[in-house]
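Peer 1: Take this structure, written in structure tokens, and hold onto it; I'll ask about it next.
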Amino acid sequence: DICFYSKSNPKPSSNEAGVTYVEITAKDGDNVTTYALNGDNCLVYLLDRQWSDHQYLYPVPKNAIDINPNLLPQNPGWDY
């Protein structure tokens, strides 16, 4: 048997024989906010990620626009 625990759901105060205890708390700097069971009963991390469509394209560098103003308008979402 395995018991998963985290800071928000701490390890039980007494250990049971034959049970392996595994901490799944995210390390500092991780984007992991919580965990859950998916439809296959597998433990998964739920990530707090945001995606903006402008991230599909890089911004046109300012120095390139200074050299060639025909590069305007800037790629969407990257207005200076």
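Numbered by this note's numbering, the letters in the sequence shown go through residues 81 to 160 in order.
Built from N, CA and C at the ideal position, the CB exists for glycine as well.
Rounded to whole angstroms, how far is the Cβ of valine 99 from the Cβ of cysteine 83, which I believe are closer than 8 angstroms?
Peer 2: Rounded, the Cβ-Cβ distance is 5 angstroms, consistent with contact.
Peer 1: In the DSSP assignment, the beta strand (DSSP E) including isoleucine 64 goes from what residue to what residue?
Peer 2: Residue 64 is absent from the model: the chain starts at 81 and stops at 160.
Peer 1: What is the DSSP secondary structure of leucine 151, counted as helix, strand or coil?
Peer 2: Leucine 151: helix per DSSP, three-state reduction.
Peer 1: Keeping to the same chain, check which residues put their C-beta closer than 8 angstroms to that of valine 102; ignore five residues upstream and five downstream.
Peer 2: So the qualifying residues of the chain are Ile82, Cys83, Phe84 and Tyr85.
Peer 1: From the DSSP output, which residues share a beta bridge with glutamate 103?
Peer 2: Answer by DSSP bridge pairing, in chain order: Tyr85.
Peer 1: Give me the residue from Leu137, Asn155 and Glu96 with the minimum Cα distance to isoleucine 145.
Peer 2: When only C-alpha atoms are compared, the closest one is Asn155.
Peer 1: Given this structure, state the Cα-to-Cα distance separating leucine 151 from alanine 116, to the nearest angstrom.
Peer 2: Straight-line Cα distance between these residues: approximately 47 angstroms.
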